[in-house]
Structure formats: structure tokens, C-alpha cells
Amino acid sequence: MEGEAVILLDVVLVVLAVSMLPVIWRLVVGPTDADRAAALDLGLFVFLAAVAVLAARLEFPALLDLVLTGTLVAFLATVALARLVHRRSR
Amino acid sequence: MRTVLAAIPLLVGAGLIAVSSLGLLRLPDVYNRMNAVAKAASLGVVCVLLGVLVLLFDPRSAGVVTVAVALQLLSAPVGGYALAVAAYRAGSPLAAVTRYDDLADADADADADADADAATPEVEPRAGRRERPPCGDGLDGPAGG
């Protein structure tokens, strides 16, 4: 990976790391369980994007398989959390 | 050249994810935040994946990224919708600026239909919508847990 690409990928990684901070804040503060579930959803998305960027940064394309699996896991986790939020209400 | 070509989707995707994160921080209620997460963040992940594919192009990565993008575009709206409906059923407060609550009307209509089917004409119509306290900045809603 040549020089400009490394700088570009590092900038993207920093942006992703900064956008993880509101996720953590929303996970801690709430105020409802649905907010925490939404924050966890976004956190998984940010993590998947970061893994994809790392696959290019480290020139290790096998990490893209992890992104594919993580997409499925994020969807299943969201649906399971939705059921949990629904069941908590009664 | 390839770096410049990859920079466009990578920066667009990172910007979309950052905007989505800002929306999670600033938007007033659960439904608006879910909107930011389900749309902007999934599109941001798709853009980042396409940018990564431009940077390291080989056929196997292309196949994996195609499947991941398709799965993301299919599953993220479904998950966001499921979570938003679950939040509504759990009684999350609507923002004070909410003007239309079609789901409450639908629930009231369903209740009215159920009452009509029960064939008890003297039963009084149920109060369809639950009491929802408005939540001003999203921080003073009821703690949910």
C-alpha cells in the first residue's frame, strides 16, 4: 500500500474511532432500552466499517469475510434486541 | 489514481457514519435516532466497503464484498424497522415535535374492529392511545431498565 492510501485509510479510521464516542455515550446514558439497542446497532456498523478499512490497511483480504459474517450477526443481534425490548415492556 | 478513486467512497462513507453518529447524539427521540442508524450508517458501511474494494481489488474480495453489500442493504432496514416497532410497543416517548402518530391510529382502528367483531355494542370504545409523556431533548424520558 503506497503512502497516500495509508494516510487516507488512517484518516478514515480516526473518523470511525471518533464516531464511536457518541455510541458509547448513548449506550451509557440511555434513556430507554431502545436507545441502547440503537446505539449497539450503530456500534456494530462502525466496527464493521473499521474492520473493512483494516483489511485494506493491512492488505489482508481475509478480513472481508469477517465483515460478511459480522453483517449477519449485526442483523440477528438487532432482531433479538428488538424482541427483548418488546418483551421488557410487559 | 486508484487512491483518488477509492478516496471518494471511503470519505463519503466515513462522513455518513459520522453524521449518523452525530444524529444518535443529537436527535430528540428513539425513532429519529433509529432513522439515523438504519439509513445513514448502513449506506456508510456500504460506501466504505466499496472504497476498500477499489483499493484491494481481486475477484474473491469482489465476491465477498458484493454479498456483504447486498446483505447490508437488505438487513439493515428490516432490523431498524423491527427495533422501532418494538420501541413503540414498549411505549418509548415520542418527541414533542411529533405531528403524526399513524401507528396509534392504526392500533385504535384495530381495537375498534376487535370490539365490533366481539359483537358487544354497549361496550364503550377503548381509549386507543396510551399516554405518552413528551420528551423534550431526549434526555429526560423515563429510564428504561
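The listed protein sequences correspond, in order, to chains A and B.
Numbering-wise (the working numbering), the first sequence opens with residue -17 and increments by one.
Numbering-wise (the working numbering), the second sequence opens with residue 30 and increments by one.
Note that the Cβ used here is the ideal one computed from N, Cα and C, for glycine as well.
The segment 33 to 42 of chain A makes no contact with the segment 103 to 112 of chain B: fewer than 3 CB pairs, one atom from each, lie closer than 8 Å.
Excluding its 5 nearest sequence neighbours in each direction, R62/B has C-beta neighbours in its own chain below 7 Å: G52, L53 and L56, listed in chain order. Cβ neighbours of V5/A within its own chain (closer than 6 Å, five residues either side excluded): A21, L24 and G25. Taking the CA atoms as reference points, L46/A sits about 13 Å from V75/B. P38/B is a Cβ neighbour of G80/B, given a cutoff of 8 Å.
Under the three-state reduction of DSSP output, F42/A falls in the coil class, being neither helix nor strand. Below the 7 Å Cβ cutoff, chain B contributes L112 as neighbours of A19/A, in chain order. With its beta carbon less than 8 Å from one in chain B, A38/A belongs to the interface.
Secondary structure of F27/A (DSSP, three-state): helix. By the Cβ neighbour-count rule, V(-3)/A is buried, with 16 or more other Cβ atoms within 10 Å of its own. Burial check for I46/B: the Cβ neighbour count within 10 Å reaches 16 or more, so the residue is buried. Residues of chain B whose Cβ lies closer than 8 Å to the Cβ of V67/A are, in chain order, L112, A115, A116 and A119. Y117/B is the residue among L84/B, Y117/B and A135/B whose C-alpha sits nearest the C-alpha of D15/A.
When the five nearest sequence neighbours on each side are left out, no beta carbon in the same chain lies closer than 6 Å to the beta carbon of T32/B.
Within chain B, the residues placing a beta-carbon under 9 Å from that of D23/A are M63, V66, A67, A70, A105, G108, G109 and L112, ordered along the chain. When 7 Å is used as the limit between beta carbons, D(-8)/A is near no residue of chain B, the shortest such separation being about 11 Å. In the structure shown, L85/B adopts coil according to DSSP, grouped into three states.
In the structure shown, the three-state DSSP call for D47/A is helix.
Residue burial is scored here from C-beta neighbours: D131/B has fewer than 16 other C-beta atoms within 10 angstroms and is therefore classed as exposed.
Not a single CB atom of chain A sits nearer than 8 Å to the CB of D138/B.
At a C-beta separation below 8 Å, D87/B has these neighbours in chain A: P43. With fewer than 16 neighbouring CB atoms inside 10 Å of its own CB, L54/A falls in the exposed class.
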